[in-house]
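Working notes, structure below.
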Amino acid sequence: MMQIKRFMLLLVSCLLVFWHQTLETNANECIDMDVHAREVVSCCRYETFCSQEADEKCSRETSLHVELNSPNFTVCFIDCAYREMGYITENNKLDVQ
């Protein structure tokens, strides 16, 4: 019985090693980054929705009043950034022109 357990452990270990190498090989064959790097970068790039100045100012101001990892931080940051960029006016009107 003990020999069967050892054999099964050895078999499972071998399978894990070979399976891991197969997955790694398949991932490397999936896309040639030397050829397709520019395409991947352009596909995955997001446009910034606010300026760097607005980002720095609103991050600093919002972090003083709201916990960084809370949903309220995101809402307050976006409100601040849109006001800083002029999309929301003093009287809470939208100005997207």
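For the sequence shown, the residue numbers in mature numbering (1 follows the signal peptide of the UniProt record, and there is no 0) are -27 to -1, 1 to 70. Cβ coordinates follow ideal geometry from the N, Cα and C atoms, glycine included.
### Message
Helix, strand or coil, according to DSSP, for L67 in the structure here?
### Response
In the three-state reduction of the DSSP assignment, L67 falls in the strand class, which pools E and B.
#### Entry: Sequence-distant residues of its chain with Cβ nearer than 7 Å to C53 (five each side left out)
Counting only Cβ-Cβ distances below 7 Å, and skipping sequence neighbours, we find C31, E34, T35.
### Query
What separation, rounded to the nearest whole angstrom, lies between the Cα atoms of N64 and N42?
Computed Cα separation, rounded: 28 Å.
### Query
Enumerated in chain order, which unbroken segments of the alpha helix (DSSP H) with a length of 4 residues or greater are wholly contained in the stretch 28 to 64?
Fully enclosed alpha helix (DSSP H) runs of 4 or longer: 44 to 57.
### Query
Can you tell me the Cα-Cα spacing of I51 and T62, whole angstroms?
Straight-line Cα distance between these residues: approximately 14 Å.
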